[in-house]
Amino acid sequence: MASVLQRLRDNNLFAKASKFVFHVSSVEYLRYVVSSDGLKMDSPKFQQILNWPQPKNIKALQSFLGFANFYHCFIKNYSKKITSLTSLIRKDSSFIFNEEALSKLQILKEAFTTAPILSHFNPPLKAIVETDASDYALGAVLSQVNDSGKNPIAFYSFKYLPAELNYETHDKELLGIFWALKCWRAFLLSLSNPFEVFTDHSSLQYFMSSKVLNCHQAHWAEFLSEFHFTITYLPGRLATLPDGFSCWDYMYPERGLDFIRKNPQTFHQVIKKDGIQESRFFSIKDKIFSDLVDQIQKQVWQDKDYKEILNQLARDKSVSDCSLEPQAKLSLFKDRVVVPSNEEIQLNILEKNHDSLLAGHPGQEKTPKLIKRDFYWAGMNQFIKNYVSSCQKCSRNKNIHHKKFGLLQPLQIPSGPWNSLSIDFITQLPLSNRFDSISVVVDSFSKMAIFISSYGTCFFQTWSSSQYY
Numbered sequence: 001m002a003s004v005l006q007r008l009r010d011n012n013l014f015a016k017a018s019k020f021v022f023h024v025s026s027v028e029y030l031r032y033v034v035s036s037d038g039l040k041m042d043s044p045k046f047q048q049i050l051n052w053p054q055p056k057n058i059k060a061l062q063s064f065l066g067f068a069n070f071y072h073c074f075i076k077n078y079s080k081k082i083t084s085l086t087s088l089i090r091k092d093s094s095f096i097f098n099e100e101a102l103s104k105l106q107i108l109k110e111a112f113t114t115a116p117i118l119s120h121f122n123p124p125l126k127a128i129v130e131t132d133a134s135d136y137a138l139g140a141v142l143s144q145v146n147d148s149g150k151n152p153i154a155f156y157s158f159k160y161l162p163a164e165l166n167y168e169t170h171d172k173e174l175l176g177i178f179w180a181l182k183c184w185r186a187f188l189l190s191l192s193n194p195f196e197v198f199t200d201h202s203s204l205q206y207f208m209s210s211k212v213l214n215c216h217q218a219h220w221a222e223f224l225s226e227f228h229f230t231i232t233y234l235p236g237r238l239a240t241l242p243d244g245f246s247c248w249d250y251m252y253p254e255r256g257l258d259f260i261r262k263n264p265q266t267f268h269q270v271i272k273k274d275g276i277q278e279s280r281f282f283s284i285k286d287k288i289f290s291d292l293v294d295q296i297q298k299q300v301w302q303d304k305d306y307k308e309i310l311n312q313l314a315r316d317k318s319v320s321d322c323s324l325e326p327q328a329k330l331s332l333f334k335d336r337v338v339v340p341s342n343e344e345i346q347l348n349i350l351e352k353n354h355d356s357l358l359a360g361h362p363g364q365e366k367t368p369k370l371i372k373r374d375f376y377w378a379g380m381n382q383f384i385k386n387y388v389s390s391c392q393k394c395s396r397n398k399n400i401h402h403k404k405f406g407l408l409q410p411l412q413i414p415s416g417p418w419n420s421l422s423i424d425f426i427t428q429l430p431l432s433n434r435f436d437s438i439s440v441v442v443d444s445f446s447k448m449a450i451f452i453s454s455y456g457t458c459f460f461q462t463w464s465s466s467q468y469y
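Numbering (full-length UniProt numbering) for the sequence shown: 1 to 469.
Right, dumping it as structure tokens:
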């Protein structure tokens, strides 16, 4: 008490005596009850939640959720418990408070009766931050260790934004650490000792010493540099508390028709003109594969070697690694369709598996693997390699893995006239005295030029003849 009064005196602040309470074990402050044990909910407000009547409309439900949200930090899996209730207040849904919604309301009310006490944050004590990221959400726990063990200080969880769902696992885990430290920044910066961050992604242990970072990682690294901490690997089976927050069922995206509507690039929907009652969904790969097989069937009987193989398989079905597909009447080699010696078909297969938007221009290792899943032809490895290496989009857009090219070097200065020559050829000119090309010889020292008439097909031989030396 003396310290508090002295602090007020030093800053010329005045306290109202009627608002002071002495000799009590707990005090109510900002709808919380603060005691030496920690922080808990205010009993009158808590009872008001338990006695809240059943909402009759959206506005009443919004009032209840807004009141309950004030104490959400005390409720484990709070977001999961209110998922069914929040779905009723969306603009695109109608308000129908059925038995399921009523049961969820009762479960939420019961959760308030078992709410834990959150311990006070104590800067001298050791702090621990535990994070875990799933594909769609993050969970984090801030704890401190004292004589009684590890006590929770605060809980944190959130669902990834649509853009963040595309992050790699490494970046999702790192994003979780970023948001957890940003949420508890005031606590963690006041620590007198370094704190530990536990994660189940082992490679993050070396992130702060990484020299190559992308744009997101550079931004996160700049923020994390404010803190004094170490990242420690903790296997997922041991991080049960934060893992529970990140793996709630409601975090996962919609399935079935909702998923297809939000991901039209993955599936095709075939709907008849008379409505959507009879519809079916199929993978785009199935459509591509069937089109290629139809094209192969049209060329089979024009290939003599292929016809001979089919006739041999029809007579002898015991040929090693080969079989005959009865319906399509195609030859199969190790369950792959044998492609006839038709360059147009082979190029079409490569375009579907390399150039298309779905394929994404895979490299010289992945492209053969994709094609070999379904097709086979003699010399396909070299054919695919030549095709991929000549792809202009791959050459322009993909990362360069070879050593950097050296700088341009100047030519050696000639010591005298005609010691160093530059030769070039001008070809495909209109005929003049039966000549259609010009050989240009320039002396590098004096810049004197000589122009020699020649034929387009034989100017190399003309220049190499002895009369011009």
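We put the beta carbon where it would ideally sit given N, CA and C, even for glycine.
Residue environment, residue i, which counts as buried when at least 16 other CB atoms sit within 10 Å
i: Lys81; result: buried
i: Ile450; result: exposed
i: Glu344; result: exposed
i: Val337; result: buried
i: Asn353; result: buried
i: Ser26; result: exposed
i: Ser119; result: buried
i: Tyr206; result: exposed
i: Ala2; result: exposed
i: Thr113; result: exposed
i: Val440; result: exposed
i: Ala68; result: buried
i: Ala378; result: exposed
i: Asp424; result: exposed
i: Gln409; result: exposed
Own chain, CB closer than 8 Å to residue i, minus 5 neighbours either side, in chain order
i: Asn311; result: none
i: Gln144; result: Ser119, Phe121, Asn122, Leu125, Lys126, Ala127, Ile128, Lys150, Asn151 and Ile153
i: Lys404; result: none
i: residue 472; result: Residue 472 cannot be examined here, being either before or after the span of the chain that is shown, 1 to 469.
i: Asn263; result: The predicted position of Asn263 is uncertain, since its pLDDT is 45 and thus under 50; no value can be drawn from it.
Of the listed residues the options, nearest to residue i (C-alpha basis)
i: Gly186; options: Phe227, Val338, Ser94 and Cys215; result: According to the sequence displayed, residue 186 carries Ala and not Gly. Ranking Phe227, Val338, Ser94 and Cys215 by Cα distance to Ala186 puts Phe227 first.
i: Leu204; options: Asn193, Leu188, Leu224 and Leu191; result: Leu224
i: Pro417; options: Ile309, Phe445 and Ala449; result: Phe445
i: Thr169; options: Ala180, Ala140, Leu189 and Tyr136; result: Tyr136
i: Lys91; options: Glu110, Ile58 and Thr113; result: Ile58
i: Glu99; options: Ala127, Phe405, Ile75 and Gln54; result: Gln54
i: Leu292; options: Asn348, Ile96, Ala140 and Gln302; result: Asn348
i: Ala180; options: Phe97, Ala140, Phe195 and Pro162; result: Ala140
i: His361; options: Cys391, Gln382, Ala378 and Pro340; result: Cys391
i: Tyr431; options: Tyr455, Gly406, Lys398 and Asp424; result: The sequence given here places Leu at residue 431; Tyr does not occur at that position. Checked all of Tyr455, Gly406, Lys398 and Asp424; the closest Cα to Leu431 is Tyr455.
i: Val339; options: His401, Phe435, Leu408 and Gln295; result: Gln295
i: Phe97; options: Phe74, Asn69 and Ala60; result: Ala60
i: Ser415; options: Asp443, Thr83, Leu189 and Gly406; result: Asp443
i: residue 470; options: Ser35, Gln62, Phe74 and Cys73; result: Given that the chain is displayed from residue 1 to residue 469, the structure contains no residue 470 and the question cannot be resolved.
i: Cys73; options: Phe158, Ser94 and Val4; result: Phe158
i: Ser36; options: Lys307, Tyr160 and Val24; result: Val24
i: Asn433; options: Pro44, Ile309 and Ile452; result: Ile452
i: residue 482; options: Tyr387, Glu308 and Lys56; result: For the chain, the structure presents residues 1 to 469; residue 482 sits outside this window and is missing.
i: Thr131; options: Leu174, Asp436, Pro162 and Ser18; result: Leu174
9 Å Cβ cutoff met for residue i and residue j
i: Tyr156; j: Phe198; result: no
i: Lys393; j: Pro368; result: no
i: Ile371; j: Leu350; result: yes
i: Ile153; j: Ala133; result: no
i: Tyr32; j: Met41; result: yes
i: Ile117; j: Ile177; result: no
i: Ser420; j: Gln412; result: yes
i: Leu65; j: Ile89; result: yes
i: Leu213; j: Lys172; result: no
i: Ser395; j: Gln364; result: no
Close-in-space but distant-in-sequence residues of the same chain around residue i (CB under 6 Å, 5 per side omitted)
i: Ile426; result: Ile438
i: Leu142; result: Val129, Ile153, Ala154 and Trp184
i: Phe229; result: Pro194, Phe195 and Val197
i: Leu39; result: Tyr32 and Leu118
i: Thr86; result: none
i: Asp355; result: none
i: Tyr71; result: Met41
Residues near residue i by beta carbon distance below 7 Å, same chain, minus five either side
i: Ala15; result: Leu8
i: Gly256; result: Note that Gly256 scores 46 on pLDDT, short of 50, meaning its location in the model is unreliable and no value can be drawn from it.
i: Asn11; result: none
i: Asn51; result: none
i: Leu191; result: Pro123 and Ala127
i: Leu13; result: none
i: Val34; result: Ser26 and Val27
i: Lys447; result: none
i: Asn381; result: Pro368
Near the ligand ATP: residue i beta-carbon under 8 Å from a heavy atom
i: Asn12; result: In the structure on display, the ligand ATP does not appear, and there are no ligands present to speak of.
Minimum Cβ-Cβ distance from residue i to chain B less than 9 Å
i: His219; result: Absence of chain B from the displayed structure is noted, only one protein chain being present.
Does the pairing of the segment 89-105 with the segment 121-129 give three or more beta-carbon distances under 8 Å?
no
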